[in-house]
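Protein chains in written order, with the numbering used here: chain W, 7 to 295; chain C, 891 to 1427; chain P, 801 to 1141.
Given below as structure tokens:
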């Protein structure tokens, strides 16, 4: 760093700006992410119609000036539903990923740091989870527990858990004998503190990518569950359920029912996926030059 | 041999099926249905070829219809819109040639020329064995037999080779029609017994995969979850040999795909189409849609009397006045079926069933009734629907939910998994407010009441009990329809059911069948695909 | 050689706890499913008594522990039980349906690799270039599409509108005779007997669902190829090779790719499991008679035996797959023995 007078915050901002300028795709991803967050926060207040109000006389109207994305089979405004659904979809994916991130990290760190039978047991459990095609496991869990938003979140969190646990475990395992860890130990730092302050931050950059990808997967996962009838309950607006219901109308010519929520769903997943690389660039210490 | 073309197996009859090859089949999909072969699609899976076996699902009943015969069958009539339907008023011979009925017994003379598909003669011993099997294996077949007062093997006697006797427990108008439902099918007992074991005296394992009947079609191939291929029984003796040589029945779960297939002419028949597709394709060239209202069936909204507010009939009536019937009918049924609301009078003028209930959408009346019952402030209630029937239940529930909110009742939609639905709604009867559909096979109002309004009976998912209905149903169930007491009693039952509304009628559903280059689909009360009458165009 | 066999044996042993875990999870999961199979089995209008009979016949009146022991005992005899839905022994169902799913999955993976690996290499050669960004956008768009949506869209466009694709009716149009079962893969079976008409018939049916899946699976493969190539290309031995004047082609495909393949193959294992999950939805859309759609139906119907059978076969498949990957490791890079892992 040549300019020693800049504050850490300004450094971070400068780095952010650098990453954005350096990679237009990352810039695009962050811009879209901001748009989605805005939609999630203010969407319900901004949409022209009540997303739940049906009007049988206006059922299945194609897109027009008054209904930008047309209306569905109950006469509800598709545009309003698509926008309002953003909040629920983002909530599901963020909650699921946050859960798996927290629990995965803790489990992985503990297993990697102390090793032994704990490590062995955790490994077998993770192997077992990963021996299932993940979507099928999520299906089973939701089918068994019942289809509520919470259970969808839990199921998604469980299937994502191994990724985090594995990543953290590997990082911790490599570094627990490293010099800086030994030094910290000698200086009397507690194990927990060493784990949290010295070792764990090293695992963050690869995890950022994982988080971002998983946010996308979580949305797809919830949508897939909706498609087979194990998703969010009606009349709640949710992209997956809207695509699933709309898919039955494509052949009969009412393409707008599935297309717009599908498009939004795709854009959201797309955003998260693209953001992964950008996030890694942001947090990767080696890129800060 | 290796370079011989392997096309045309199912349509022209390859070596496996032993039929001669037909020349036209190189480019099939463009000209499906060339008169001899029909390709049909349906959404459900056939899980057994034996109706009597426990675990056999409803779509499998069609095998009993097409591959097996019964003693008697119903006649055929033309429906008002030009389609064909079975005729409830006419009983025709099938395996039996003639019969005599007294108050204590029924005696059937079998057709002397009757042959099973393997060429062996149909004897009274086969009939006796088959009936014994139907009442002995338990489950649904036994229940259905019981509805016709056929309960024990002691009632069935093979007098000689061609004479079969049923000893009646009581004279009942239901017995003869109950012999024409799919359950009392006649099985080749010689073949079945040769494959029975000590553990399995009724040969359920064998007949599960290998039918042994005398019906108009044989099963040429069965791949569960994929397809069933029927092949005409050239030596059919119980009726005219079918016009169609082979029927390939594919299972296609996606309704959108089924629609595309029919629209593009790649299949000839789409069974049980969604109402929306039926409505939209009805104007299409080359596609004929036959829509038949399902007899003795109503889609209902049921308030459960075990839920405190619904104990008061005024609350139930308030719900009935709040349903947006027209919207529900347009949105969920796309106008296919018959309206069951807006009846003129609160007393029925005839014994037709179902007939429109004397309710319509009137939110003020609904509110007033709620006030009167002391629920003016409203209450909260889960509104349960089955995931397995979400196609119509979901829109209905959403529209009902919206109107209930207007009279102060908060309904929370509760989606119950298909596997749980029956237990929750019919067996445990624990759903406070739910949608329900019951259709009686035997087309009498008293039969409907027996199943749906008597306390503890399976389809009375509202936990309803009314002493007068209990008595009247018991009195009318076996009484002949032309008895002068029958009509007044039935009218009284309908009047009570209307006033007390433990079941709020929404509409009478319809069965839609789409046809392309095929005609003469015949509707049956069992709502399964009967292919015996189909013809190419 | 015997050393290698021994280490393969060790790998198999490592899988044993996983299989045990899967057996337990499958049992617990199915028992937690809503609905009572006895009621389902008994049919629409059965009374309490016949439901009870069936409950006893299915062994559902016993305690969970007893049920579990019976289940494990049956498994050891190779008995997966009988499916309620199809009325067939579960083992028969799986044997018939597994090849359908595998054929679809493998073809999709081949298509996906065929596209994604060159894309990844292209991106790695010019990181940060327009090509790189474009490649990233394309594969990311692919993985962002819900498969069931892509499937329906493809059917609509290529079957309904254009009429290019055959009707989405499963593995083979009914005008063809199925090839005699050797592997259960229609493509291979028909090729064995040289019946190209059936081969192309099967291929036509496979095309749309395979494309749907391939679009979905390109991203991880392309990403991994790019990352692995990048790190290899910046390594010393490539610099040395370039300095030694080897052609770019030779450097890229002879040295770099060969070394970059390892992580890619590892990813493939992951992607395979991922694809099998996505299969469930695609099979439903295309009426594909595979085990994915079988599992969905079984779950919805609380068909214990079928769900358990499915889960177990998946786990075994996965264990086998990991073995194959480990062996192919040593083929790609002989320096890596099993001991190293």
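Ideal placement from N, C-alpha and C gives every residue a C-beta, glycine not left out.
Through-space distance from residue j to residue i, alpha-carbon basis
{"i": "residue 1036 of chain P", "j": "residue 1064 of chain P", "result": "21 Å"}
{"i": "residue 25 of chain W", "j": "residue 1157 of chain C", "result": "57 Å"}
{"i": "residue 1239 of chain C", "j": "residue 261 of chain W", "result": "47 Å"}
{"i": "residue 206 of chain W", "j": "residue 213 of chain W", "result": "11 Å"}
{"i": "residue 286 of chain W", "j": "residue 211 of chain W", "result": "5 Å"}
{"i": "residue 964 of chain C", "j": "residue 972 of chain C", "result": "19 Å"}
{"i": "residue 1250 of chain C", "j": "residue 985 of chain C", "result": "48 Å"}
{"i": "residue 1139 of chain C", "j": "residue 1048 of chain P", "result": "59 Å"}
{"i": "residue 952 of chain C", "j": "residue 1418 of chain C", "result": "5 Å"}
{"i": "residue 912 of chain C", "j": "residue 926 of chain C", "result": "Confidence at residue 912 of chain C is low in this model, with a pLDDT of 34, below 50, so its placement is unreliable and the value that follows should be read with caution. Cα to Cα, the separation comes out at about 10 Å."}
{"i": "residue 233 of chain W", "j": "residue 1144 of chain C", "result": "12 Å"}
{"i": "residue 975 of chain C", "j": "residue 1274 of chain C", "result": "34 Å"}
{"i": "residue 191 of chain W", "j": "residue 130 of chain W", "result": "30 Å"}
{"i": "residue 22 of chain W", "j": "residue 281 of chain W", "result": "13 Å"}
{"i": "residue 144 of chain W", "j": "residue 1009 of chain C", "result": "53 Å"}
{"i": "residue 911 of chain P", "j": "residue 219 of chain W", "result": "23 Å"}
{"i": "residue 1383 of chain C", "j": "residue 999 of chain C", "result": "39 Å"}
{"i": "residue 861 of chain P", "j": "residue 154 of chain W", "result": "29 Å"}
{"i": "residue 146 of chain W", "j": "residue 231 of chain W", "result": "10 Å"}
{"i": "residue 1318 of chain C", "j": "residue 853 of chain P", "result": "18 Å"}
{"i": "residue 337 of chain W", "j": "residue 1358 of chain C", "result": "Residue 337 of chain W lies beyond the residue range present for chain W, which begins at 7 and ends at 295; the question has no answer from this structure."}
Nearest-angstrom Cβ-Cβ length linking residue i and residue j, presumed shorter than 8 Å
{"i": "residue 267 of chain W", "j": "residue 238 of chain W", "result": "About 12 Å; that fails the 8 Å criterion."}
{"i": "residue 1257 of chain C", "j": "residue 1297 of chain C", "result": "5 Å"}
{"i": "residue 1206 of chain C", "j": "residue 1197 of chain C", "result": "With 8 Å as the limit, residue 1206 of chain C and residue 1197 of chain C do not qualify as a contact, their Cβ atoms being about 10 Å apart."}
{"i": "residue 1203 of chain C", "j": "residue 1390 of chain C", "result": "5 Å"}
{"i": "residue 1008 of chain P", "j": "residue 958 of chain P", "result": "6 Å"}
{"i": "residue 50 of chain W", "j": "residue 83 of chain W", "result": "Wrong, their Cβ atoms sit about 13 Å apart, outside the cutoff."}
{"i": "residue 1103 of chain P", "j": "residue 1313 of chain C", "result": "Actually they are not in contact, since the Cβ atoms of residue 1103 of chain P and residue 1313 of chain C sit about 15 Å apart, beyond 8 Å."}
{"i": "residue 1158 of chain P", "j": "residue 1071 of chain P", "result": "There is simply no residue 1158 of chain P to check, as chain P begins at 801 and stops at 1141 in what is shown."}
{"i": "residue 1131 of chain C", "j": "residue 1416 of chain C", "result": "Not really, about 23 Å apart at Cβ, beyond 8 Å."}
{"i": "residue 970 of chain P", "j": "residue 1116 of chain C", "result": "6 Å"}
{"i": "residue 1103 of chain C", "j": "residue 1216 of chain C", "result": "At roughly 46 Å, the Cβ-Cβ gap does not stay under 8 Å, so residue 1103 of chain C and residue 1216 of chain C are not in contact."}
{"i": "residue 937 of chain P", "j": "residue 31 of chain W", "result": "7 Å"}
Q. At a Cβ cut of 8 Å, what residues of the stretch 1283-1299 of chain C count as close to chain W, listed as they run along the chain?
A. Within the stretch 1283-1299 of chain C, the residues whose Cβ lies closer than 8 Å to any Cβ of chain W are, in chain order, 1284, 1285, 1287, 1288, 1289, 1291 and 1292.
Q. In chain order, which beta strand (DSSP E) runs of at least 3 residues are fully inside the stretch 1316-1375 of chain C?
A. Runs of the beta strand (DSSP E) inside the stretch 1316-1375 of chain C: 1323-1329.
Q) Quick one: any contact between the stretch 1107-1117 of chain P and the stretch 166-176 of chain W, if contact means 3 or more CB pairs under 8 Å? A) With a cut-off of 8 Å on Cβ pairs, the stretch 1107-1117 of chain P is not in contact with the stretch 166-176 of chain W, counting fewer than three such pairs.
Q. On the three-pair Cβ rule with 8 Å, is the stretch 1356-1376 of chain C touching the stretch 1317-1336 of chain C?
A. Touching, yes.
(Q) Runs of 3 residues minimum, wholly inside the stretch 982-1065 of chain P: which ones carry the beta strand (DSSP E) assignment? (A) Within the stretch 982-1065 of chain P, no complete beta strand (DSSP E) segment of 3 residues or longer occurs.
Q: Say whether the stretch 1173-1192 of chain C touches the stretch 267-284 of chain W, bearing in mind that this needs 3 or more beta-carbon pairs closer than 8 Å, one atom from each stretch.
A: Counting C-beta pairs closer than 8 Å gives fewer than three between the stretch 1173-1192 of chain C and the stretch 267-284 of chain W, which falls short of the contact rule.
Q. Going along the stretch 58-90 of chain W in order, which residues come within less than 7 Å of chain C, judged by CB to CB distance?
A. Of all residues in the stretch 58-90 of chain W, those with a C-beta nearer than 7 Å to a C-beta of chain C are 60, 62, 65, 79 and 80, reading in chain order.
Q) For the stretch 925-944 of chain P, which residues have a beta carbon sitting closer than 8 Å to at least one beta carbon of chain W? A) Within the stretch 925-944 of chain P, the residues whose Cβ lies closer than 8 Å to some Cβ of chain W are 928, 933, 936, 937, 940, 941, 943 and 944, listed in chain order.
Q) According to a CB-to-CB cut-off of less than 8 Å, which residues of the stretch 196-227 of chain W neighbour chain P? A) Within the stretch 196-227 of chain W, the residues whose Cβ lies closer than 8 Å to some Cβ of chain P are 222 and 226, listed in chain order.
Q) Looking at chain W, which residues of the stretch 1248-1279 of chain C have a Cβ within less than 7 Å of any of its Cβ atoms? A) Within the stretch 1248-1279 of chain C, 1277 place their CB atoms closer than 7 Å to a CB of chain W, listed in sequence order.
**Q.** chain C contacts made by the stretch 875-893 of chain P, where a contact means CB separation under 7 Å
**A.** The residues in question are 884, 885, 886, 887 and 888.
Q: Quick one: which residues of the stretch 1128-1152 of chain C get their C-beta closer than 7 Å to a C-beta of chain W? List them in chain order.
A: Cβ contacts with chain W come from 1145, 1146, 1149 and 1150.
(Q) Can you confirm whether the stretch 1064-1083 of chain C touches the stretch 1032-1042 of chain C when touching is taken to mean that 3 or more C-beta pairs between the two stretches lie within less than 8 Å? (A) The answer is yes - the stretch 1064-1083 of chain C touches the stretch 1032-1042 of chain C, with three or more Cβ pairs under 8 Å.
Q | Short-range partners of chain C found in the stretch 125-154 of chain W, where Cβ spacing is below 9 Å | A | Of all residues in the stretch 125-154 of chain W, only 149, 152 and 153 place a beta-carbon less than 9 Å from a beta-carbon of chain C.
(Q) Please give me, in chain order, every unbroken run of the alpha helix (DSSP H) with length at least 4 that falls completely inside the stretch 852-932 of chain P. (A) DSSP runs (the alpha helix (DSSP H)) wholly in the stretch 852-932 of chain P: 864-876 and 890-925.
Q: Could you name the residues of the stretch 1218-1235 of chain C whose beta carbon sits closer than 7 Å to any beta carbon of chain W, in the order they occur along the chain?
A: Answer in chain order: 1220 and 1221.
Q) Would you call the stretch 937-945 of chain C and the stretch 880-890 of chain P touching, i.e. three or more CB-CB distances under 8 Å? A) Yes, they touch.
Q: Output the residue ranges of the beta strand (DSSP E) runs that lie fully inside the stretch 1060-1132 of chain C and measure 3 residues or longer, sorted by chain position.
A: Runs of the beta strand (DSSP E) inside the stretch 1060-1132 of chain C: 1107-1113 and 1117-1122.
Q: Just list the alpha helix (DSSP H) runs in the stretch 1144-1216 of chain C, keeping only unbroken ones of 4 residues or longer that don't cross its boundaries, in chain order.
A: For the stretch 1144-1216 of chain C, whole alpha helix (DSSP H) runs of length 4 or above, ordered along the chain, are 1145-1153, 1165-1171 and 1203-1212.
Q | Within 9 Å of chain C by C-beta, residues of the stretch 946-976 of chain P in sequence order | A | Hits within the stretch, in order: 952, 955, 956, 959, 960, 963, 966, 967, 968, 969, 970, 971, 973, 974, 975 and 976.
Q | Inter-stretch contact (C-beta, 8 Å, three-pair minimum) for the stretch 1021-1035 of chain P and the stretch 1050-1070 of chain P | A | Contact holds: three or more Cβ-Cβ distances are below 8 Å.
Q: For the stretch 1012-1020 of chain C and the stretch 1042-1053 of chain C, state whether three or more C-beta atom pairs, one from each stretch, are separated by less than 8 Å.
A: Counting Cβ pairs under 8 Å, three or more are found: they touch.
Q. Are the stretch 1345-1356 of chain C and the stretch 1188-1197 of chain C touching, with three or more C-beta to C-beta distances below 8 Å?
A. Yes: the two stretches touch, three or more of their Cβ pairs being nearer than 8 Å.
Q | Given 8 Å, three or more beta-carbon pairs between the stretch 1388-1408 of chain C and the stretch 1161-1181 of chain C | A | The stretch 1388-1408 of chain C makes contact with the stretch 1161-1181 of chain C: 3 or more CB pairs, one atom from each, lie closer than 8 Å.
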